[in-house]
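Student:
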Amino acid sequence: MSPKTLYDKIWDAHVVHQAEDGTCLLYIDRHLVHEVTSPQAFEGLRMSGRKVRAPERTIAVPDHNVPTTEGRDNPETMPEDSRIQVAALDKNARDFGVNYYPVSDIRQGIVHIVGPENGWTLPGMTVVCGDSHTATHGAFGALAHGIGTSEVEHVLATQTLIQSKSKNMKVEITGKLAPGVTAKDVVLTIIGHTGTGGGTGYVIEYCGEAIRSLSMEGRMTICNMAIEGGARAGLIAPDQTTFDYVKGRTHAPKGAQFEAALDWWKTLYSDDDAHWDKVVTIRGEDIAPTVTWGTSPEDALPVTAEVPAPESFKGGKVEAARRSLDYMGLTPGQKLTDIEIDTVFIGSCTNGRIEDLRAAAEVLKGRKVKEGMRAMIVPGSGLVRAQAEEEGLAEIFKEAGFEWRLAGCSMCLAMNPDQLAPGERCAATSNRNFEGRQGRGGRTHLMSPAMAAAAAITGRITDIREFTAAEAV
Amino acid sequence: MEKFEKFSGVAAPMPLVNIDTDMIIPKQYLKTIKRSGLGVSAFAEMRYDDEGNEIPDFVLNKPAYRDSQIIVAGDNFGCGSSREHAPWALADFGIKVVISTSFADIFYNNCFKNGMLPIVMPQEVVDVLMQDAEKGQNARIEVDLEAQTVTTSEGESFTFELDPFRKHCLLEGLDDIGLTLEKATAIDTFEGQIAQSRPWV
């Protein structure tokens, strides 16, 4: 047999039909659904009298619109348009009989946190959702990607997707990560290196010692932002870390079935001599704590750097950088650590898991946020929130002056009331720094949870290594 | 879906690189449960000021480009979110074709589901088309899907590549779901197989 990549293996295991031109009908093992990109799909099913083919493989949860403040069980707390959208999901989930976690359920949360946490996401699966950050699930060695609403309807009706195969790209992070460097810094560095279009047409497999040494949660942060690099999906081959994480979760296989699954999962790796269409290698030791300065995730630099001059770029990026700096209110040559912050958002499908909250708590313990700072922590799910409360993290956050919120997407995309006002500048652990992303005129700097927590205290972008060293004296 | 027919139309030049789906349709317009009516909100934050007045400098607000059917764009058009509201908004505005050196994967797929044609051209061709588009409404660009050509107002023609299945579906206005359901037996068989080989799924 010819050598295969992990992507090749998962793909081959899901081909239902292959047309003469190579287009495949791919079987979908898990379909995650949220309230924003699904109403038109369910409406399409109703209009054509179709059913959901595999409701048992379909999981619905409201996350984008939901308020993250107490009392949200009362729909009256939502603006009318959000309420209609959440109500539509509620009705669609019940009418079509899919798995469903309403806001009143402790398991509710961001769809990409809910899936893994409840054992819906397993190695070797195909996972789709009408959301680009579906790439997150690739951390399990599952082929996972975002789809549009027409494709949501297609998957609901047929449990398949018409796909042409992407090319294979390997991103290897060798060696060890330096102290203070997290998965978020790794993925921002990768995107800074490849650009937001560098992965277009590819499925990326992340590998190398630095990736292997990450926990499942760190791996999810990496794969989550594969889409920011333009890739269809990001993958990390499953290993003992993966199997240990999966074992015992509610919807993961049990007993003999787990053992049988394990036998297959252990075959899910790229063969030594597999073909790669593109290879990128970065030394783990060279990665510094990283932040973004502009309005594209590729605008990422080590925190020790200065705001670049637009003329230092080439082609269309010169004008784009000029526009970014104007929007961000920054001047070339300004040190990134001199940029003052007035808002801190810790949360999202990128960094809203328990380890992210622990990292923030470690920085915030016994400290206070800078006066006038608006700071909020939005756990990724009700289960993450409960665990953080049990571990005493919530108390640390509240004492530090952070708002301690209920689970949802919140200020990552600001579809609920959590938004930036024009000109406000936010240290955010989310995934996109686009113009207007966190609110019209709002300015976003992406970074890790520890760095965002440090910025809340100092009031400016802060090098976590200096912060920790200063505190140690 | 309507069949995609040969047409010529005004092309709006949008040379900015990395035009993302948050720019194409900002999130406040995603709270709809319908597909239609988003055209007025396309590019809202670039197109209108805080009071909702048109910003005269924005290309689609200029008299020459108000009825554009084509966009000639900078690299990596449609990056970011998977929101199909982006092509819905463009289609509702009247856009049928977007031409760029590259498109984000999900946006590219989404276009075809809505009768829109994203065309990938090399940089030098995009440069020529961009210049032609800058002439305004006197310069109409012709798009012929059957022949896979784009022709400038000066009569200069360029061919483009396209997956034959996607071309066929656009030309015939075919519905994917209907086509896939013709393979229901194959799906049944596949499900029977995985019930044996991967029963935990």
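Protein sequences appear in the order of chains S and G. Each residue of the first sequence is one higher than the one before, starting from 19 at the first, in the working numbering. Each residue of the second sequence is one higher than the one before, starting from 228 at the first, in the working numbering. Glycine included, every Cβ here is placed at the ideal spot set by N, Cα and C. These figures come from a predicted structure and were not determined experimentally.
Got a sec? Which residues, its chain only, sit under 8 Å from S428(S) by beta carbon, not counting five neighbours each side?
Tutor: Within the first sequence, residue 428(S) is the residue found at index 410, counting from 1. T86, F363, G365, S366, M394, V396, N434 and D436, listed in sequence order.
Student: Locate the beta strand (DSSP E) running through C444(S), then write down its first and last residues.
Tutor: In the first sequence, counting from the first residue as 1, residue 444(S) sits at position 426. R443 to A446 is the span of the beta strand (DSSP E), which, as asked, contains C444(S).
Student: What are the residues that DSSP puts in a beta bridge with W422(S)?
Tutor: In the first sequence, the residue the question calls residue 422(S) occupies position 404. DSSP output for W422(S) lists I395(S) as bridge partner(s).
Student: What does the alpha-carbon distance come out to for the pair L63(S) and R71(S)?
Tutor: On the first sequence, residue 63(S) is found 45 positions in, with the first residue counted as 1. On the first sequence, residue 71(S) is found 53 positions in, with the first residue counted as 1. So the alpha carbons of these two residues sit roughly 11 Å apart.
Student: Tell me which residues share the same chain as A366(G) and place their Cβ nearer than 6 Å to its Cβ, disregarding the 5 neighbours each side in the sequence.
Tutor: If you number the second sequence from 1, residue 366(G) lands on position 139. D359 and S380.
Student: So, for I359(S): in the same chain, excluding its five sequence neighbours on each side, which residues have a beta-carbon less than 8 Å away from its beta-carbon?
Tutor: Position 341 of the first sequence holds residue 359(S). Closer than 8 Å at the Cβ level, and outside the excluded window around I359(S), lie M391, R443, C444, A445, H463, A473, A474, G477, R478 and I479.
Student: For K296(S), does the three-state DSSP call read helix, strand or coil?
Tutor: Within the first sequence, residue 296(S) is the residue found at index 278, counting from 1. Three-state DSSP puts K296(S) in a strand.
Student: Nearest by alpha-carbon distance to F330(G): which of S308(G), D302(G) and M343(G) is it?
Tutor: The residue labelled residue 330(G) in the question sits at position 103 within the second sequence. F330(G) has its Cα closest to that of D302(G), out of S308(G), D302(G) and M343(G).
Student: Might you give, ordered along the chain, the residues of its own chain that have their beta carbon closer than 6 Å to the beta carbon of R250(S), omitting 5 neighbours on each side?
Tutor: If you number the first sequence from 1, residue 250(S) lands on position 232. These residues qualify, in order along the chain: H163, S184 and V221.
Student: For a contact defined as C-beta to C-beta under 7 Å, what are the partners of M343(G) on chain S?
Tutor: In the second sequence, the residue the question calls residue 343(G) occupies position 116. Simply none; closest approach about 12 Å.
Student: Below 9 Å on C-beta distance, what does D39(S) contact in chain G?
Tutor: Position 21 of the first sequence, counted from the first residue, corresponds to residue 39(S). Under the 9 Å cutoff, chain G gives D390, P391 and F392.
Student: Against chain S, with Cβ distances strictly below 7 Å, would I333(G) count as a contact?
Tutor: Against the second sequence, residue 333(G) aligns to sequence position 106. I333(G) counts as touching chain S.
Student: From the DSSP output, read off the bridge partner residues of G252(S).
Tutor: By one-based count along the first sequence, residue 252(S) stands at place 234. G252(S) is bridged to I222(S).
Student: With DSSP run on the structure shown, which of helix, strand or coil describes G457(S)?
Tutor: Counting from 1 along the first sequence, the entry for residue 457(S) is found at position 439. Correct three-state label for G457(S): coil.
Student: Might you give, ordered along the chain, the residues of its own chain that have their beta carbon closer than 8 Å to the beta carbon of K194(S), omitting 5 neighbours on each side?
Tutor: In the first sequence, the residue the question calls residue 194(S) occupies position 176. Excluding sequence neighbours, K194(S) sits near E227, A228, S231, G302 and E303.
Student: Can you tell me the Cα-Cα spacing of V376(S) and T200(S), whole angstroms?
Tutor: Residue 376(S) sits at position 358 when you count from the first residue of the first sequence. Residue 200(S) sits at position 182 when you count from the first residue of the first sequence. Here residue 376(S) turns out to be Arg, not Val, going by the sequence shown. If I take the Cα positions, the gap works out to 13 Å.
Student: Excluding sequence positions up to five away, which residues of its chain have a Cβ less than 7 Å from the Cβ of E453(S)?
Tutor: One-based indexing of the first sequence puts residue 453(S) at position 435. T313 and Y345, listed in sequence order.
Student: Could you tell me the boundaries of the beta strand (DSSP E) in which Y45(S) lies?
Tutor: Taking the first sequence and counting its residues from 1, one reaches residue 45(S) at position 27. That run of the beta strand (DSSP E) goes C42 to Y45.
Student: With a 10 Å radius around its C-beta and 16 neighbouring C-beta atoms as the bar for buried, classify L372(G) as buried or exposed.
Tutor: Taking the second sequence and counting its residues from 1, the one referred to as residue 372(G) is at position 145. Counting Cβ neighbours within 10 Å, L372(G) comes out buried, since at least 16 surround it.
Student: Around the Cβ of P21(S), are there at least 16 other Cβ atoms within 10 angstroms (buried) or fewer (exposed)?
Tutor: Numbered from 1 along the first sequence, position 3 holds the residue referred to as residue 21(S). Label assigned to P21(S): exposed.
Student: For chain S, check one thing: does any of its Cβ atoms lie closer than 7 Å to the Cβ of N288(G)?
Tutor: The count along the second sequence starts at 1 and reaches residue 288(G) at position 61. Chain S places no beta carbon closer than 7 Å to that of N288(G), leaving this residue out of the contacts.
Student: Distance cutoff 7 Å, beta carbons only. Does G301(G) sit that close to anything in chain S?
Tutor: If you number the second sequence from 1, residue 301(G) lands on position 74. By this cut-off, G301(G) is an interface position.
Student: Helix, strand or coil, according to DSSP, for T152(S) in the structure here?
Tutor: Taking the first sequence and counting its residues from 1, one reaches residue 152(S) at position 134. Of the three classes helix, strand and coil, the one that applies to T152(S) here is helix, per DSSP.
Student: Give the secondary structure of L401(G) by DSSP, where H, G and I count as helix, E and B as strand, and everything else as coil.
Tutor: Counting from one through the second sequence, the residue named residue 401(G) turns up at place 174. L401(G): coil per DSSP, three-state reduction.
Student: Kindly indicate which three-state DSSP category V347(G) falls into: helix, strand or coil?
Tutor: For this step, residue 347(G) is matched to residue 120 along the second sequence. It is a strand residue.
Student: Just by C-beta distance, which residues in the segment 440-464 of chain S are closer than 7 Å to chain G?
Tutor: R450, F452, E453, G454, R455 and R458
Student: Under 7 Å between C-beta atoms, does I368(G) make it to chain B?
Tutor: Among the chains of the structure shown, chain B does not appear; the protein chains present are S and G.
Student: Within 10 angstroms of its Cβ, does S384(G) collect 16 or more other Cβ (buried), or is it exposed?
Tutor: Position 157 of the second sequence, counting from 1, holds the residue named residue 384(G). Exposed, because fewer than 16 other Cβ atoms sit within 10 Å of the Cβ of S384(G).
Student: Could you check where the alpha helix (DSSP H) with M273(G) kicks off and where it finishes?
Tutor: Residue mapping note: residue 273(G) aligns to position 46 of the second sequence, counting from 1. Taken as a continuous stretch (DSSP letters only), the alpha helix (DSSP H) holding M273(G) covers A271 to R274.
Student: Does any CB atom of chain G fall closer than 7 Å to the CB of H172(S)?
Tutor: On the first sequence, position 154 is the one that residue 172(S) refers to. Yes, contact with chain G.
Student: Figure out for me which residue from S342(S), A488(S) and P93(S) has the closest Cα to the Cα of N245(G).
Tutor: One-based indexing of the second sequence puts residue 245(G) at position 18. When only C-alpha atoms are compared, the closest one is S342(S).
Student: Assuming R458(S) contacts E272(G) under a Cβ cut-off of 8 Å, what Cβ separation, rounded to an integer in Å, is found between them?
Tutor: In the first sequence, residue 458(S) corresponds to position 440, counting from 1. In the second sequence, residue 272(G) corresponds to position 45, counting from 1. With a Cβ gap of about 6 Å, R458(S) and E272(G) count as contacting.
Student: In the DSSP assignment, what residue or residues form a beta bridge with K185(S)?
Tutor: Position 167 of the first sequence, counted from the first residue, corresponds to residue 185(S). DSSP, once it has assigned bridges, lists Y220(S) as partnering K185(S).
Student: Give the single residue among P391(G), I414(G), S309(G) and L406(G) whose Cα lies nearest to the Cα of S56(S).
Tutor: The count along the first sequence starts at 1 and reaches residue 56(S) at position 38. Measuring from the Cα of S56(S), the nearest candidate turns out to be S309(G).
Student: Can you tell me where the alpha helix (DSSP H) holding Q405(S) begins and where it ends?
Tutor: Indexing the first sequence from 1 puts residue 405(S) at position 387. Taken as a continuous stretch (DSSP letters only), the alpha helix (DSSP H) holding Q405(S) covers G400 to E408.
Student: Evaluate the contact criterion for the segment 145-164 of chain S versus the segment 253-261 of chain S: three or more CB pairs, one atom per stretch, below 8 Å.
Tutor: yes
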